[in-house]
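Residue numbers 1 to 452, in UniProt numbering, belong to the letters of the sequence shown in order.
For every residue, glycine included, the Cβ atom is placed at its ideal position computed from N, Cα and C.
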Amino acid sequence: MFKARIRGIFATALTKLALDWGFSIVQPTEAIAERFGLAPDLSPPDVTVKDHESRSGVVVLGRCDAADALVGRLREELDPFVAKAKDGVKEVFVGVPYEEGGRRYVKTPGGGVAEIPGRYVVYPSPRLFTVLRPPIGPRRGVAVPELFVAGRYLELDTVGGVKYSRFIGPEDRLRLGILADGKLRRLAQGLGVRFKSSARFASEDALLEEARALYEELVRLSSGSWREGEVVRQGDCLYVVLFDSEAKRRLDEARSSVAPTIRGHHALRAQGLGKCLDLLDYAGADVYERAAEYLARGDVAILHVKPWGDVIAMRGKSLGFKNGVLVVRRELRPGGVLDGIGVRIERGFYALTCVAPGSTYVVHSYYDASGKLVGSYININSPAEIGRRVIYVDLLVDKAVSAEGERVLDLEEAAAYSEYFPRRYRNPERLIPEGKLVCTEDGIGREAPDRS
């Protein structure tokens, strides 16, 4: 039985599912422990689940067998977007640095590329690296020519200094700091130590025992004879799991079996609602669409989420709902070229973005300072969720409409990352709308750009 620590806005639903699947819940919050009648268990987790920055998914990090098992069950139950990092977090491997464009990189064992921070001077010969941020999707990672060895309570490194998880409070920091400056310093002279969040629950003997084992392992790694490309210490597996509206509906159902839960609970939680959502749950108010429309007033953030977790935030001003479509105006900074349209952005250019609730495409239309239409860019995505945060996951296929006609873009990229998609989106090309769509202040129309 794997031990899972679950945090964030999906905690109740995911705890319910994890318990059904045979996972043990450790270090639960007080609310979760009370809701499920859980006995206290402060032992370290095998896998941790926490909110993704979009608040529309989670990050899963932990021992690979535990993380694989949990994500496998999430795939079966929810059919979400799932991206797995190409290498483990704190994975130690042998690589050869190379230079490109004035920056230094190293190829990782998982087939990705990691950048080496500029503060390090490295030469093109094999050496040990530790992955700090693994590559995922097309995004490069970060690796350093240092050694990190992590246990369940703490980690040792060759960087130096004493560091603490942000979840360790002042009193525990004082206690652990005294240990680090005393017995740990004598044990691992010159090495750095970082206390993980579970360290606040550990005894001094447990911390010292783990530190000794990690020190011996670090010495063994540093003195070993390793081959280029070899992984000499496995890291933790990292997944980004994103929930579209269908997955959130299933999570609503799971939560409703243990607590009052209105339709659209998790979609509204992603909008940042707190106590007022608790009140709606308690009252059983079926108001999701009206609440979402109410929230989509004034300043609005459009969160364009990539399947591997990158978030592009576009901020604008809501013009309200026009013919069932939310219209958002965004001012554009001069410089650069409109993607897919090929027109340089000049002073006074602005964009109108049209989002129909639940639509699998979003229309971005671009205008010059005189209000003349320049072109449109139609993004194919998971069903859009409306509110003060417009949220959707990019399906990587786009359609550009300009004076030169229509073009479908990025089919190769969509094919390359289709394994990240839920089964229902494996063929995003079928979602491309017909016609030369344009976003206006009155909603979505089919007017073509002026060719004059």
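Under the three-state reduction of DSSP output, aspartate 398 falls in the strand class. Counting C-beta pairs with one atom in each stretch, the stretch 232-247 and the stretch 376-394 have three or more that are closer than 8 Å, which means they touch. Beta-bridge analysis with DSSP links glutamate 346 to no other residue. Short of 6 Å from the beta carbon of aspartate 46, and not among the five residues preceding or following it, lie these beta carbons of its own chain, in chain order: Phe2, Lys3, Gly62, Arg63, Ala66.
By the CB criterion at 8 Å, glycine 112 and glutamine 234 fall outside the cutoff. Of the candidates Arg119, Arg104, Ile444, Leu14, Ile444 places its Cα closest to the Cα of glycine 324. In the DSSP assignment, histidine 304 is bridged to Ile312, Tyr392.
Unbroken alpha helix (DSSP H) runs of no fewer than 4 residues, entirely contained in the stretch 240-300, are found at 245-256, 265-269, 275-283, 288-295, following chain order. The residues Val162, in chain order, have a CB closer than 7 Å to that of glycine 177 in the same chain once the five nearest residues on each side in sequence are set aside. For alanine 143, the closest C-alpha among the options Leu128, Ala150, Leu154, Gly137 is that of Leu128.
Contact annotation: glutamate 155 and lysine 322 have beta-carbon atoms that are not nearer than 8 Å. With a 10 Å radius around the Cβ and a threshold of 16 neighbouring Cβ atoms, phenylalanine 167 comes out exposed.
With respect to leucine 431, tyrosine 361 sits close: the two C-beta atoms are nearer than 8 Å. Bounds of any alpha helix (DSSP H) do not take in alanine 114; it lies within the beta strand (DSSP E) bounded by 113-116.
Between the alpha carbons of alanine 356 and arginine 212 lies a distance of about 59 Å.
The beta carbons of glutamate 115 and arginine 103 sit closer together than 8 Å. In this structure the stretch 11-18 touches the stretch 253-260; the number of beta carbon pairs closer than 8 Å is three or more. Per DSSP, reduced to three states, the secondary structure at tyrosine 98 is strand.
Put simply, the backbone Cα of lysine 436 is about 22 Å away from that of tyrosine 392. Here the alpha carbon of arginine 227 sits roughly 38 Å from the alpha carbon of aspartate 410.
Between glutamate 77 and arginine 344, the C-beta spacing is not below 8 Å.
Just so you know, the alpha carbons of cysteine 276 and aspartate 205 end up roughly 46 Å apart.
Annotated as proximal: arginine 329 and tyrosine 350, with beta-carbon spacing under 8 Å. Closest option to leucine 238, judged by alpha-carbon separation, among Phe23, Tyr153, Ser56, Ala69: Ala69.
When the Cα atoms are used, serine 56 and glutamate 406 turn out to be separated by approximately 32 Å.
In this structure the stretch 415-425 does not lie against the stretch 335-344, because fewer than three pairs of beta carbons, one per stretch, are closer than 8 Å. By the criterion of a C-beta distance shorter than 8 Å, alanine 313 is surrounded in its chain by Ala301, Ile302, Leu303, His304, once the five residues flanking it on both sides are discounted.
Inclusion of isoleucine 32 and histidine 266 in the CB contact set at 8 Å is not warranted, their separation being larger than that value. Using a 10 angstroms sphere on the CB of tyrosine 120, the tally of other CB atoms stays under 16, which defines it as exposed. The shortest C-alpha to C-alpha distance from leucine 268 to any of Leu279, Tyr288, Gly284, Ala283 is the one to Tyr288. Here the alpha carbons of valine 374 and arginine 73 stand approximately 47 Å from one another. Secondary structure note for leucine 176: its alpha helix (DSSP H) is the uninterrupted segment 170-179.
In this chain, the alpha helix (DSSP H) harbouring serine 222 covers 204-223. DSSP, reduced to helix, strand and coil, places tyrosine 361 within a strand of the structure shown. The beta carbon of proline 428 sits closer than 6 Å to those of Ile380, Leu395, Val397, Ala414, all from its chain and outside the five residues before and after it, given in chain order. Distance from the CA atom of valine 408 to the CA atom of serine 43, rounded to whole angstroms, is 52 Å.
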